[in-house]
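One structure is given here, and the rest of the page talks about it.
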Ligand code: ADP
Ligand code: TRP
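In our numbering, the protein residues as written are 114 to 440.
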């Protein structure tokens with residue numbers, strides 16, 4: 114039986130990259146006959162969030178977002194990472210078989226530093242904790258965005274080092290990417306990867322004036338609508354591709370490419386994008402409001418999830434401790 118697992122950091126409001134790269138996959142996969150584990154990576158978020166109240170609020174926000182977008186707690190185990198402290202024990206065990214060189218090659222660490230995040234040891238060893246998250250639950254498949262593929266390869270390496278050093282304790286997992294390439298790596302309003310930490314993101318639940326403003330930030334140029342343009346050079350089309358059916362998308366592209374009287378201007382394309390977001394997320398916005406008004410229910414779901422998750426992680430931790438002579 115397959116076991117799917119993934120995590121999302123509560124380090125900011127969730128954006129279109131999180132939705133199309135990760136959450137949409139999670140919600141779709143929950144219908145398949147397999148085990149499904151999804152958690153809120155609050156230990157990981159500590160590498161960047163330094164305010165206790167804000168962290169608590171963001172954890173709740175990720176839970177509410179997941180549930181509003183359709184994650185079903187009867188089909189899926191949903192919990193808060195720090196409710197299963199066994200992962201930090203497993204993380205230590207893995208760190209003792211992991212070479213510095215492996216971590217030094219991590220793109221995500223290098224990117225974060227380049228974007229001005231001050232490095233701490235936790236940020237550097239982040240992939241080890243992530244490997245522990247995955248290996249603790251005998252995960253076989255990890256649905257994530259493209260940016261996490263290297264972390265998955267590192268997880269496979271760490272499982273291999275441990276198993277080779279001691280005995281076959283850990284199952285080696287593989288990454289599962291959105292089949293649609295534009296979803297596996299969603300660009301931000303500046304064209305680089307959309308990320309909470311780069312200030313280039315569009316919040317899933319943005320609406321009204323704020324949504325208009327957010328979409329307004331997608332850069333365009335001063336060329337007139339009549340002037341023929343190559344749609345593949347327009348960032349706006351990367352966003353439209355996330356929402357529109359193939360036929361409709363092609364039609365807009367053809368008109369932009371042809372130019373002349375029937376060609377849409379940038380404002381027109383942006384309006385279509387806003388309408389598409391309203392259609393896609395309208396029902397989830399309402400569900401979100403309901404969930405926000407019933408925090409006790411969200412707490413119950415997370416507590417139930419933690420209990421189930423913990424049982425599994427404890428069994429793996431015990432196996433790992435025994436393998437390396439600590440029991
Ligand atoms: P962020 O980079 O904004 O902090 P996270 O690291 O918490 O987001 O990512 C949570 C999930 O969302 C991961 O599976 C990640 O691969 C996915 N994800 C994040 N940004 C994008 C993006 N721009 N495109 C596709 N998937 C993404
Ligand atoms: N590193 C992931 C991210 O930034 C979040 C994460 C933590 C994760 N642990 C995980 C994802 C385990 C998948 C599996 O997006």
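Don't be surprised by glycine CBs; every beta carbon is placed ideally from N, CA and C.
| request: Taking the CB atoms as reference points, tell me whether residue 347 and residue 389 lie closer together than 9 angstroms. | output: no
| query | Taking all protein chains shown into account, do 16 or more other C-beta atoms lie within 10 angstroms of the C-beta of residue 207, making it buried, or fewer, making it exposed? | reply | buried
| query | Counting pairs of beta carbons, one from the segment 371 to 389 and one from the segment 406 to 423, are three or more of them closer than 8 angstroms? | reply | no
| What number of angstroms, rounded off, separates the C-alpha of residue 262 from the C-alpha of residue 288? | 6 angstroms
| field | Strand pairing of residue 401, partner residues [DSSP] | value | Looking at the DSSP assignment, residue 401 forms no beta bridge with any residue, so it has no partner.
| request: Using only the heavy atoms of ligand 1, determine whether one of them is closer than 8 angstroms to the beta carbon of residue 194. | output: no
| CB residue 181 to CB residue 430, shorter than 9 angstroms? | no
| query | Does any heavy atom of ligand 1 sit closer than 8 angstroms to the C-beta of residue 166? | reply | no
| Is the number of C-beta pairs between the segment 196 to 213 and the segment 240 to 252 that are closer than 8 angstroms three or more? | yes
| request: State whether the segment 301 to 308 contacts the segment 117 to 136, with contact taken as three or more CB pairs (one from each stretch) at a distance under 8 angstroms. | output: yes
| query | Does the beta-carbon of residue 292 have 16 or more other beta-carbons within 10 angstroms, so that it is buried, or is it exposed? | reply | exposed
| request: Check each candidate in 149, 170, 324 and name the one with the smallest Cα separation from residue 114. | output: 149
| task | May I have a chain-ordered list of the beta strand (DSSP E) segments no shorter than 3 residues that lie completely inside the segment 158 to 215? | result | 190 to 193
| query | Buried or exposed: residue 447, going by 16 or more other Cβ atoms within 10 Å of its Cβ? | reply | There is no way to answer for residue 447, as the model of the chain reaches only from 114 to 440.
| query | Is it buried or exposed for residue 163, if we count other Cβ within 10 angstroms and need 16 for buried? | reply | exposed
| request: For residue 226, collect the residues of the same chain with a Cβ closer than 7 angstroms to its Cβ; drop the 5 residues on either side in sequence, then sort them by chain order. | output: 232
| field | Residue closest to residue 381, alpha-carbon to alpha-carbon, out of 222, 296, 284, 350 | value | 350
| message | If you measure between the beta carbons of residue 252 and residue 137, is that distance less than 9 angstroms? | response | no
| message | Rounded to whole angstroms, what is the Cα-Cα separation between residue 122 and residue 432? | response | 28 angstroms
| Proximal residues to residue 56 (C-beta, below 7 angstroms), its chain only, five neighbours per side dropped | Absent from the structure is residue 56, since the part of the chain shown begins at 114 and ends at 440.
| Between which two residues does the alpha helix (DSSP H) carrying residue 414 extend? | 408 to 436
| request: Measure how close the beta-carbons of residue 258 and residue 428 come, nearest whole angstrom, since I'm counting them as under 8 angstroms. | output: No, residue 258 and residue 428 are not in contact; Cβ-Cβ is about 29 angstroms, not under 8 angstroms.
| said: Can you tell me whether residue 120 sits near ligand 2, meaning its C-beta is under 8 angstroms from at least one heavy atom of the ligand? | reply: yes
| field | Limits of the unbroken beta strand (DSSP E) element including residue 119 | value | 116 to 121
| request: For residue 243, verify whether its CB is less than 8 angstroms away from any heavy atom of ligand 2. | output: yes
| query | If we ignore side chains and look at the alpha-carbon of each, how far apart do residue 256 and residue 155 end up? | reply | 19 angstroms
| said: Could you tell me the alpha carbon to alpha carbon distance between residue 238 and residue 216, rounded to whole angstroms? | reply: 7 angstroms
| For the candidate residues 219, 364, 369, whose alpha-carbon lies nearest to that of residue 339? | 369
| field | Opening and closing residue of the beta strand (DSSP E) in which residue 256 lies | value | 254 to 256
| message | Let me check you understand the geometry: is the CB of residue 384 closer than 8 angstroms to at least one non-hydrogen atom of ligand 1? | response | no
| task | Report whether the distance from the Cβ of residue 204 to the nearest heavy atom of ligand 1 is below 8 angstroms. | result | no
| Local conformation of residue 346 per DSSP, three classes | helix
| said: I need the straight-line Cα distance from residue 314 to residue 235, nearest angstrom please. | reply: 24 angstroms
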